Structure formats: structure tokens, C-alpha cells
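Working notes, beginning with the structure itself.
There are 2 protein chains.
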Amino acid sequence: MLTVNELALESDTPAHVVRYYLRIGLIQPAAQQENGYRLFTSNDAARLRFIRMAKHLGFTLNEIKQITQHAELGESPCDDVRKIVQHRIHENRAKIEEMMKLQERMEQALEQWDLMPDGIPDGNSVCHLIESVEGSEGHCHTET
Amino acid sequence: MLTVNELALESDTPAHVVRYYLRIGLIQPAAQQENGYRLFTSNDAARLRFIRMAKHLGFTLNEIKQITQHAELGESPCDDVRKIVQHRIHENRAKIEEMMKLQERMEQALEQWDLMPDGIPDGNSVCHLIESVEGSEGHCHTET
DNA sequence: TACAACCTGTGTGTTACACACAGGTCAAGG
DNA sequence: CCTTGACCTGTGTGTAACACACAGGTTGTA
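Taken in order, these protein sequences are the chains called A and B.
For the first sequence, my numbering begins at 313 and goes up steadily by one.
For the second sequence, my numbering begins at 313 and goes up steadily by one.
Quick look at the structure:
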């Protein structure tokens with residue numbers, strides 16, 4: 313039987329993360345000591361390693377919970393797994409594109425600001441640098 | 313004097329977001345009606361538009377709060393503003409790279425799974441698709 | 001037996017909202 | 001004057017995935 317710390321070492325997971333997973337019911341202790349300490353088997357370590365793999369593939373903890381619950385009922389989670397990854401690929405692509413746009417905005421701003429002095433705020437302006445950025449006026453809300 | 317809803321329309325911000333900003337003290341009502349309704353001036357609308365610009369440039373609400381507080385004291389926030397954007401550019405670049413790696417992992421997995429049938433879970437395996445992914449064993453933790 | 005190092009479970013804080021809820025306000029209609 | 005309905009109000013709570021702090025328990029050494 314392993315303690316939380318030993319389980320953490322065994323599964324290459326920070327102990328406080330193991331405790332978090334316990335809290336949300338993603339894993340359960342196999343037994344409990346009289347003093348309240350939680351105890352685990354090597355099977356729990358394997359489960360935890362599975363969780364890490366799934367996270368590495370972009371699954372959320374909720375999805376992982378669903379998957380392991382399915383598996384415990386003997387149902388194959390594979391179909392859901394494929395769908396989730398397909399969905400996440402789209403989602404992630406959109407997020408990446410958004411972040412690259414942000415990156416461009418920030419880089420352009422910094423370059424533009426190189427030629428501008430610092431300013432002292434007055435009633436009309438909070439920070440003229442930010443306010444000077446292209447697209448400050450006339451946002452194009454053509455999407456959605 | 314504008315109500316929350318009017319301020320929201322004036323500044324092109326969802327009303328529930330305006331209420332959130334009020335809650336965290338990012339903006340303050342200029343006055344209050346007897347019934348508790350909060351009232352604002354057109355200056356508040358300008359402030360809110362500034363907040364949207366800053367968010368568009370990647371500033372967090374906390375950072376924006378600092379900036380506006382600096383500005384209210386008559387101190388120039390420009391120096392901090394430049395530093396924050398520089399920092400965020402690095403941060404964002406790292407995040408984008410990480411997400412692109414995830415993207416590649418997911419795409420590779422999906423391709424690999426095309427040749428694999430669904431499986432029924434047993435005691436040893438939760439989902440053989442996830443467990444089959446390259447790099448499941450022998451993680452290379454060479455960084456930090 | 002005293003002490004220090006470490007480990008335990010758990011409460012709270014984080015970011016930027018989204019949703020829900022009970023009640024208040026306003027214009028139209030009877 | 002009263003009601004009905006639509007809309008608006010402030011506020012409590014939930015979200016994802018931890019990170020940190022805290023008071024107390026355990027273990028090894030002297």
C-alpha cells in the first residue's frame with residue numbers, strides 16, 4: 313500500500329496534484345489509515361499514469377473522468393475518445409490562430425511605441441500608448 | 313447619467329461584463345440611485361473603452377487596474393505598459409509553441425488510431441488508443 | 001524525550017467571465 | 001387604478017486545473 317507521496321513518486325505526478333485529483337474524485341483511495349491518511353495500490357499508480365497520458369493528449373480532467381467511468385462499466389470509451397480529439401484539434405487550431413493574432417498586435421504595438429515618448433496622463437487619456445494602437449477605433453465585428 | 317445597460321451599449325461591452333468589472337472594482341459608479349441602481353458618466357464609457365483596448369492588447373484585468381490607478385495618481389504608466397507587453401510577447405510565444413506541439417500530438421494520434429479498432433476495457437487497460445500513443449513510456453524530462 | 005524535517009488533509013485564492021435567481025422598473029392595455 | 005409582460009437590477013455561485021498556506025501528525029536522529 314502506498315501513501316499519497318509514494319503514489320506521487322510512483323506515477324511521476326506532483327503530490328499536490330494527486331491530492332487535487334483525490335479532491336475532485338478523479339481517483340479514489342483504496343483504503344484509509346486510522347489517522348485519515350489515504351492508501352493506494354499499484355493499480356492506482358497505473359490509473360494515474362493513464363491520466364497523465366490523457367492530459368498530455370489534451371483531454372480535460374472531466375473528460376478523463378468520463379472515460380474511466382465508462383471503462384469501469386465495461387463500455388468502450390474509444391468512440392468518445394476519437395470524437396473528443398477531433399473536436400479538440402479544431403478548437404486548438406482556432407485558439408492558436410487567435411493567439412497568433414494577439415502576438416502580431418503586441419509586436420506591432422511595441423514597434424510603434426519605440427518612436428513614442430512616455431506621456432503623463434490627463435483627464436482625457438489614461439495611457440496614450442495603448443490608445444494609439446491601430447484599430448482602437450472602429451472595431452470590425454464582422455464575425456459571428 | 314447612464315445605467316449599467318446604457319453604459320454597456322455606449323462602450324460596446326456586454327452588460328454582464330460591465331457588472332463583473334464593477335464587482336472587482338475595475339470601474340466605479342459615479343452615483344447611485346435610491347433603489348441601488350448604479351449610474352455612470354460618459355467619462356466612464358471612455359474608461360471602459362480603454363479597458364477593452366487594453367484587453368485586446370493582451371493586458372490582464374489586474375494589470376489594467378494597476379495602470380488606471382497609476383494614471384489616477386498622475387504617474388505615467390507607460391514604462392510598465394511597455395514592460396508588460398514585452399513580457400507577454402515572450403509568454404505568449406511559449407504558449408503558442410506548446411499548443412502547436414499539442415496539436416501535432418493530437419493529429420498524429422488520430423492518424424495512428426485510424427488503423428486501430430475500438431477495444432473493450434479490461435483490468436489492465438482503460439483505453440488502448442490513448443495508451444498506444446508514442447511517448448507514453450519514457451517521458452523525456454530534459455527541460456527545467 | 002526533544003527536536004527538526006517532512007508529510008497529512010483541507011481551506012482558500014487564482015482568471016475572466018457565464019448563468020441563475022429573486023426582485024425592481026417601465027410601458028401598454030383594461 | 002391595476003395588472004400583465006418584458007426587461008433590467010444586483011448578487012451568489014460555478015467554471016478549469018491547479019498553487020499556496022496552514023495547523024497538526026509522523027518519522028528519524030540525537
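Yeah, the Cβ is synthetic: ideal placement off N, Cα and C, and Gly gets one too.
Being a predicted model, the structure only gives us computed values, none of them experimental.
Where the alpha helix (DSSP H) containing residue i begins and where it ends
i: residue 333 of chain A; result: 327-335
i: residue 345 of chain A; result: First-last for residue 345 of chain A: undefined, no H or E at that position.
i: residue 323 of chain B; result: 316-323
i: residue 354 of chain B; result: 354-368
i: residue 373 of chain B; result: 373-384
i: residue 391 of chain A; result: 390-425
i: residue 441 of chain A; result: 440-443
C-alpha gap between residue i and residue j, whole angstroms
i: residue 453 of chain B; j: residue 364 of chain A; result: Reliability of the predicted coordinates at residue 453 of chain B is poor, the pLDDT of 39 falling under 50, and the value obtained from them is presented with this limitation in mind. About 14 Å.
i: residue 321 of chain B; j: residue 354 of chain B; result: 12 Å
i: residue 325 of chain B; j: residue 356 of chain B; result: 12 Å
i: residue 313 of chain A; j: residue 348 of chain A; result: 14 Å
i: residue 277 of chain A; j: residue 415 of chain B; result: Residue 277 of chain A lies beyond the residue range present for chain A, which begins at 313 and ends at 456; the question has no answer from this structure.
i: residue 377 of chain B; j: residue 410 of chain A; result: 24 Å
i: residue 332 of chain B; j: residue 426 of chain A; result: 34 Å
i: residue 418 of chain B; j: residue 428 of chain B; result: 15 Å
i: residue 381 of chain A; j: residue 402 of chain A; result: 26 Å
i: residue 344 of chain A; j: residue 327 of chain A; result: 17 Å
i: residue 450 of chain B; j: residue 406 of chain B; result: Low confidence applies to residue 450 of chain B: its pLDDT is 45, below 50, so where it sits in the model is not reliable, and the reading given next is rough at best. Looking at the two C-alpha atoms, the distance is approximately 24 Å.
i: residue 366 of chain A; j: residue 385 of chain B; result: 49 Å
i: residue 337 of chain B; j: residue 439 of chain A; result: 19 Å
i: residue 375 of chain B; j: residue 346 of chain B; result: 33 Å
CA nearest to the CA of residue i, picked from the options
i: residue 329 of chain B; options: B:360, B:394 and B:313; result: B:360
i: residue 358 of chain B; options: A:446, A:399, A:445 and A:437; result: A:437
i: residue 390 of chain A; options: A:379, A:406, A:327 and A:416; result: A:379
i: residue 369 of chain B; options: B:344, B:341, B:400 and B:346; result: B:400
i: residue 383 of chain A; options: B:350, B:382, B:381 and B:433; result: B:433
i: residue 423 of chain B; options: A:386, A:395 and A:406; result: A:395
Beta-carbon gap between residue i and residue j smaller than 8 Å
i: residue 352 of chain B; j: residue 373 of chain B; result: no
i: residue 339 of chain B; j: residue 412 of chain A; result: no
i: residue 431 of chain A; j: residue 388 of chain B; result: yes
i: residue 443 of chain B; j: residue 371 of chain A; result: no
i: residue 421 of chain B; j: residue 397 of chain B; result: no
i: residue 350 of chain B; j: residue 341 of chain B; result: yes
For residue j and residue i, believed in contact at Cβ under 8 Å, the rounded distance
i: residue 441 of chain B; j: residue 316 of chain A; result: Incorrect: roughly 29 Å between the Cβ atoms, too far for contact.
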